[in-house]
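Just so you know, we're using this note's numbering here: the sequence shown kicks off at 24 and counts up by one.
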Amino acid sequence: MNVLKQSTFNIVFVAMLLLALPAFAGPKLEFGDDKWLSIGAGARVHFFAQEDGAADGKNWSKHFGLENMRLYLNGQFHKYLKVEFNTDCTNCLGDNSSGTMIVLDAIGKFEFNQYINIWGGRQLVPSDRAELDGPYFQNTFDFNRTPFYPSDFGNFVAGRFGRDDGINLWGALFEDKRLTYVVGVFDGVDHSNMAGRPNTSDNLLWAGRFSYNFWDVEKNPGYYTSSTYYGKGGDILTLAFAIQHHEDGAGTAANQSDFTGYSTDLLMEKVLLNKGVLTFEGEYKAFDTGMSQATFDEALAEGGPGC
């Protein structure tokens, strides 16, 4: 019997991506000063092949698959007022042709200046770069997997896809915007979503991220990030720290404990003399729940740790 050899060829198709990035701007309809509407879409497709993987056991199996599909709608209606509405197909992967579209982001934006801005609604919780990149702005095809913050645990108990309902305050300090920050408060673990969950006192989750640009300053919309600029962003060296805390956000209803997660990440991108680009990215994460092994096992048996 031949040893199976497996190859994966990932083909990425991205159309217009995040609309706020000029390089991927979608159709923009203008209605006067400070009034416009922009529409766009993004998708990721993969191709998978496995030697001797066909049904006859002799030929290569071959399969295309849709990873995800997103639709974007952005607009501005006042000098200081903007909106963002994005959707995502949650179960498009595989042969499921009837994937369900959900509301990914629904944000009301009050943007005053570079120093202070307020976003409210369903949005990304401040966390590590891998989370804030999203699937289209990473330097690899496969998205960051583990460990996840509570808002990306995948079961809607504390948000999903890195999002949650809440408010963010963000901005950039110094004239050259070298120091950036985003702090927010969110629902976190929702006890009403499932019996036996922690946070019976309905405490909110607090989150923050702070980053410093040592070389050229990264240019992204809002507090979003990217893991590569393919040399178009100049020489990048950015160090960031993120933290989330949720009182009674871990464990079970009977045995609650606090959740604290923090991470630090570094992105270095250097444009070489031959116009090539060297990119290095690293990250360290640590989660503290204070749970005993018995409490952890109990929470796991009820559908996953409460954090």
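Built from N, CA and C at the ideal position, the CB exists for glycine as well. If you're wondering where the values come from, they're calculated on a predicted model, not measured in any experiment.
Status (buried if at least 16 other CB within 10 Å, exposed otherwise) for residue i
{"i": "proline 45", "result": "Below a pLDDT of 50, predicted positions are generally treated as unreliable, and proline 45, at 36, falls in that range; no measurement from the model is reported."}
{"i": "proline 50", "result": "exposed"}
{"i": "tyrosine 138", "result": "exposed"}
{"i": "aspartate 225", "result": "exposed"}
{"i": "glutamate 154", "result": "buried"}
{"i": "tyrosine 95", "result": "buried"}
{"i": "valine 148", "result": "buried"}
{"i": "aspartate 210", "result": "buried"}
{"i": "asparagine 91", "result": "buried"}
{"i": "threonine 283", "result": "buried"}
{"i": "histidine 269", "result": "buried"}
{"i": "aspartate 156", "result": "buried"}
{"i": "phenylalanine 70", "result": "exposed"}
{"i": "aspartate 199", "result": "exposed"}
C-alpha distance - residue i paired with residue j, whole-angstrom precision
{"i": "cysteine 115", "j": "proline 170", "result": "23 Å"}
{"i": "glycine 313", "j": "tyrosine 172", "result": "16 Å"}
{"i": "glycine 63", "j": "asparagine 97", "result": "9 Å"}
{"i": "lysine 242", "j": "tyrosine 307", "result": "23 Å"}
{"i": "serine 61", "j": "asparagine 222", "result": "39 Å"}
{"i": "arginine 201", "j": "threonine 113", "result": "36 Å"}
{"i": "phenylalanine 310", "j": "glycine 219", "result": "22 Å"}
{"i": "glycine 257", "j": "valine 300", "result": "10 Å"}
{"i": "alanine 38", "j": "glycine 65", "result": "Here alanine 38 scores only 35 on pLDDT, less than 50, and its place in the model should not be relied on; the value that follows carries that caveat. Approximately 5 Å between the Cα atoms of the pair."}
{"i": "phenylalanine 47", "j": "lysine 81", "result": "Confidence in phenylalanine 47 is poor, its pLDDT being 45 and thus under 50, which makes the residue's placement too unreliable to answer from."}
{"i": "glutamate 134", "j": "histidine 101", "result": "10 Å"}
{"i": "tryptophan 229", "j": "isoleucine 190", "result": "10 Å"}
{"i": "leucine 290", "j": "tryptophan 83", "result": "39 Å"}
{"i": "alanine 276", "j": "valine 126", "result": "29 Å"}
{"i": "isoleucine 259", "j": "tyrosine 247", "result": "16 Å"}
{"i": "glycine 143", "j": "threonine 123", "result": "25 Å"}
{"i": "glycine 274", "j": "phenylalanine 164", "result": "33 Å"}
{"i": "tyrosine 253", "j": "glutamate 304", "result": "13 Å"}
{"i": "aspartate 281", "j": "tyrosine 159", "result": "33 Å"}
{"i": "leucine 188", "j": "asparagine 297", "result": "The sequence shown places aspartate at residue 188, not leucine. Aspartate 188 and asparagine 297: Cα-Cα distance of roughly 46 Å."}
Among the options, the one whose alpha carbon lies nearest that of residue i
{"i": "phenylalanine 197", "options": "Val148, Asn236, Arg93 and Arg186", "result": "Asn236"}
{"i": "isoleucine 130", "options": "Thr110, Thr123 and Asn136", "result": "Thr110"}
{"i": "glycine 88", "options": "Val68, Val106 and Asp75", "result": "Val68"}
{"i": "isoleucine 141", "options": "Glu74, Gly219, Val205 and Leu94", "result": "Val205"}
{"i": "arginine 186", "options": "Ala195, Asp175 and Lys58", "result": "Asp175"}
{"i": "aspartate 57", "options": "Pro158, Leu104, Thr302 and Arg145", "result": "Leu104"}
{"i": "phenylalanine 233", "options": "Gly274, Ser280, Tyr285 and Pro244", "result": "Tyr285"}
{"i": "glycine 194", "options": "Gly231, Asn136, Val240 and Val212", "result": "Asn136"}
{"i": "phenylalanine 54", "options": "Gln99, Asp199 and Lys255", "result": "Gln99"}
Helix, strand or coil at residue i according to DSSP, with G and I counted as helix
{"i": "arginine 232", "result": "strand"}
{"i": "serine 61", "result": "strand"}
{"i": "arginine 145", "result": "strand"}
{"i": "leucine 296", "result": "coil"}
{"i": "leucine 40", "result": "Confidence in leucine 40 is poor, its pLDDT being 36 and thus under 50, which makes the residue's placement too unreliable to answer from."}
{"i": "glutamate 107", "result": "strand"}
{"i": "serine 280", "result": "strand"}
{"i": "glutamate 53", "result": "strand"}
{"i": "glutamate 90", "result": "strand"}
{"i": "glutamate 74", "result": "coil"}
{"i": "aspartate 156", "result": "helix"}
{"i": "aspartate 188", "result": "strand"}
{"i": "serine 286", "result": "strand"}
{"i": "aspartate 311", "result": "strand"}
{"i": "tryptophan 193", "result": "strand"}
{"i": "aspartate 128", "result": "strand"}
CB contact below 8 Å: residue i versus chain C
{"i": "asparagine 243", "result": "Of the protein chains in this structure there is only one, and it is not chain C."}
Three-pair Cβ contact test at 8 Å for the segment 248-267 versus the segment 145-153: yes
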